[in-house]
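Line by line, the protein sequences give chains A and B.
Residue numbers for the first sequence follow the working numbering, beginning at 102 and rising by one.
Residue numbers for the second sequence follow the working numbering, beginning at 12 and rising by one.
The structure under discussion appears below in the form of structure tokens.
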Amino acid sequence: AQKITQTQPGMFVQEKEAVTLDCTYDTSDPSYGLFWYKQPSSGEMIFLIYQGSYDQQNATEGRYSLNFQKARKSANLVISASQLGDSAMYFCAMREGNAGGTSYGKLTFGQGTILTVHP
Amino acid sequence: DTEVTQTPKHLVMGMTNKKSLKCEQHMGHRAMYWYKQKAKKPPELMFVYSYEKLSINESVPSRFSPECPNSSLLNLHLHALQPEDSALYLCASSQDYRGEETQYFGPGTRLLVL
């Protein structure tokens, strides 16, 4: 079964508008971390935001916020006031924290969403 | 400072060549990683070093040979590669090899095997 699912292969947004990129995850581990990365066409994987499974509040970093709904196992990325430079591939990823599990510490990525920002 | 550097940025090699990819971080991180990424796909984990020891080898062919000379450096030695090994190779590091630690990536090396 897919541990991380990103159902939107591509998304389009107008400059200055907000956009939500979807991510759902699957784990039975009570301890895990959720990450979003941005990968422009240059190739570098840029860390955007982190949410821990025990965090009570949604994470925010500047124009990025993570809409964490634990019961639904979703961790959607919200980008406010989109800019042309936001055009890139976005990956949702998860690391499981159970030291006894075979997936411990490994970063599992979703398939990614290509975001295009129109002027 | 969350910088991971990788050299070279681009590499073209023949199937009989031997080359090396280099990765460096000065954040005091004790875990370092090699990933392989094909176009429009997520990165795939290859190797993990934790405290300079190889912790994970994801069944990578022996034509890829990792090396961690010290806590700041990670190398990937390449020998007798195949055209299907052409990809973006990403290095990453994290404070430690634990679930909550963020991995920071370098800019990658684009490898073309002819």
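For glycine and all other residues, C-beta sits at the position ideal for the given N, C-alpha and C.
In summary, LYS47/B is buried, with 16 or more beta-carbon neighbours lying within 10 Å of its beta-carbon over all protein chains present. Put simply, the CB of MET146/A is near chain B, with a gap under 8 Å to one of its CB atoms. For TYR108/B, at least one C-beta of chain A is nearer than 8 Å to its own C-beta. In this structure GLU112/B is buried. Its beta-carbon is surrounded by 16 or more other beta-carbon atoms within 10 angstroms. Judged by DSSP secondary structure, PRO77/B falls within the beta strand (DSSP E) whose first and last residues are 75-81. Taking each of GLU197/A, ILE147/A, TYR155/A, CYS193/A in turn and checking the Cα distance to GLY211/A, the smallest one comes out for CYS193/A. The C-alpha of GLY206/A is placed about 9 Å away from the C-alpha of MET195/A. Taking the CA atoms as reference points, ASP96/B sits about 32 Å from TYR133/A. Contact annotation, SER175/A with THR125/A: C-beta distance approximately 5 Å; criterion of less than 8 Å satisfied.
At the C-beta level, LYS52/B and LEU89/B stay beyond 8 Å of one another. In chain order, PRO53, PRO54 make up the part of chain B whose C-beta sits under 7 Å from the C-beta of PHE210/A.
Residues of the segment 25-45 of chain B with a Cβ closer than 9 Å to any Cβ of chain A, in chain order: ALA42, TYR44. With a threshold of 16 other beta carbon atoms within 10 Å, GLN114/B meets it and is buried. Assignment of GLU197/A by DSSP, reduced to helix, strand and coil, places it in the strand class.
The residues ALA189, in chain order, have a CB closer than 7 Å to that of PRO141/A in the same chain once the five nearest residues on each side in sequence are set aside. In the structure shown, the three-state DSSP call for LEU56/B is strand.
THR18/B: member of the beta strand (DSSP E) spanning 15-18, first to last residue. From the listed residues PRO19/B, ARG41/B, LEU99/B, the smallest Cα separation to LYS64/B is found for ARG41/B. Under the DSSP definition of a beta bridge, GLU162/A partners with TYR165/A. For ASN86/B, the enclosing beta strand (DSSP E) stretches over residues 84-90. Bridge partners of TYR151/A according to DSSP: PHE136/A. Rounded to the nearest whole angstrom, the CA to CA distance from GLY186/A to LEU216/A is 10 Å. At a cut-off of 8 Å between C-beta atoms, PRO19/B does not count as an interface residue with respect to chain A. Among the residues of the segment 72-97 of chain B, none has a Cβ less than 9 Å away from any Cβ of chain A.
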